[in-house]
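Presented below is the structure to which this report refers.
Residue numbers (my numbering): 81 to 309.
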């Protein structure tokens with residue numbers, strides 16, 4: 081896998097974007113990943129706005145410097161929210177650690193005047209290995225007074241480097257695969273189908289049928305492996 085700095089350089093040439101924009105975009109992705117690892121945030125924050133369009137729908141759509149969310153359900157507030165966002169940043173650091181050492185800090189954003197809707201906002205600062213001090217800054221902004229007019233939709237985050245990461249991690253354990261079919265060996269599928277309800281039924285509410293999941297999973301795996309990385 082190419083070093084992150086080399087990948088940034090390639091992206092800068094390809095997209096014609098300033099270096100700091102790419103750093104912020106990279107940081108946003110990992111903070112978002114960290115948020116999904118915190119139970120109190122994962123199901124109470126609805127990702128929205130321009131960054132959501134870029135990360136989940138349109139790929140190279142405009143770049144941004146913040147994560148906008150709407151709070152739903154029993155979302156933490158005040159000190160509990162600050163602690164949860166700090167935990168998300170700590171999770172992001174751990175997720176990044178196998179690839180690159182990045183230090184990420186979080187503190188509450190202080191407005192000159194109190195936000196009329198009680199918005200929660202946090203400044204996230206990161207120091208990449210080539211920085212002398214934290215200098216990549218993004219924000220997480222959470223609206224707590226908005227009402228969703230339509231149901232939220234679960235979507236995967238677009239991430240073009242997944243095939244590269246997958247191959248690199250498999251290589252560490254000498255795990256090889258030829259293509260999508262390697263992930264669906266007939267002998268294993270037979271066992272999974274036979275024990276589908278027994279193993280997963282107690283863990284997954286409203287467990288979908290085995291055939292439905294496999295039929296939907298096959299094209300997704302094919303798409304993920306389409307790039308050589």
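No residue lacks a Cβ here, since even glycine has one placed at the ideal position from N, Cα and C.
Continuous beta strand (DSSP E) stretch holding residue i: start and end
{"i": "residue 84", "result": "That residue, residue 84, is in no beta strand (DSSP E); its alpha helix (DSSP H) goes 84-95."}
{"i": "residue 125", "result": "125-128"}
{"i": "residue 187", "result": "183-188"}
Residue i - containing alpha helix (DSSP H), residue span
{"i": "residue 293", "result": "290-304"}
{"i": "residue 149", "result": "From DSSP, residue 149 is part of no alpha helix (DSSP H) but of the beta strand (DSSP E) over 146-151."}
{"i": "residue 137", "result": "Neither: residue 137 is in no alpha helix (DSSP H) and is coded neither H nor E."}
{"i": "residue 276", "result": "266-280"}
{"i": "residue 116", "result": "99-116"}
Alpha carbon of residue i to alpha carbon of residue j, nearest angstrom
{"i": "residue 309", "j": "residue 254", "result": "Below a pLDDT of 50, predicted positions are generally treated as unreliable, and residue 309, at 44, falls in that range; the measurement from the model is reported next regardless. Approximately 18 Å between the Cα atoms of the pair."}
{"i": "residue 210", "j": "residue 175", "result": "19 Å"}
{"i": "residue 149", "j": "residue 85", "result": "30 Å"}
{"i": "residue 184", "j": "residue 107", "result": "9 Å"}
{"i": "residue 82", "j": "residue 249", "result": "14 Å"}
{"i": "residue 193", "j": "residue 159", "result": "19 Å"}
{"i": "residue 305", "j": "residue 296", "result": "15 Å"}
{"i": "residue 147", "j": "residue 303", "result": "27 Å"}
{"i": "residue 91", "j": "residue 284", "result": "40 Å"}
{"i": "residue 188", "j": "residue 264", "result": "46 Å"}
{"i": "residue 257", "j": "residue 182", "result": "31 Å"}
{"i": "residue 292", "j": "residue 273", "result": "11 Å"}
{"i": "residue 142", "j": "residue 104", "result": "13 Å"}
{"i": "residue 315", "j": "residue 133", "result": "A query on residue 315 cannot be resolved here, the shown segment of the chain reaching from 81 to 309 and no further."}
DSSP bridge partner residues for residue i (one or two, in chain order)
{"i": "residue 203", "result": "187, 219"}
Open item on the list: Restricting to runs no shorter than 4 residues, where is the alpha helix (DSSP H) found entirely within the stretch 217-262?
Closed with: With a minimum length of 4 residues, the continuous alpha helix (DSSP H) runs that stay inside the stretch 217-262 are 242-252.
Open item on the list: Would the stretch 163-179 count as touching the stretch 97-117 if we require 3 or more Cβ pairs under 8 Å?
Closed with: With the cut-off at 8 Å, the stretch 163-179 and the stretch 97-117 touch.
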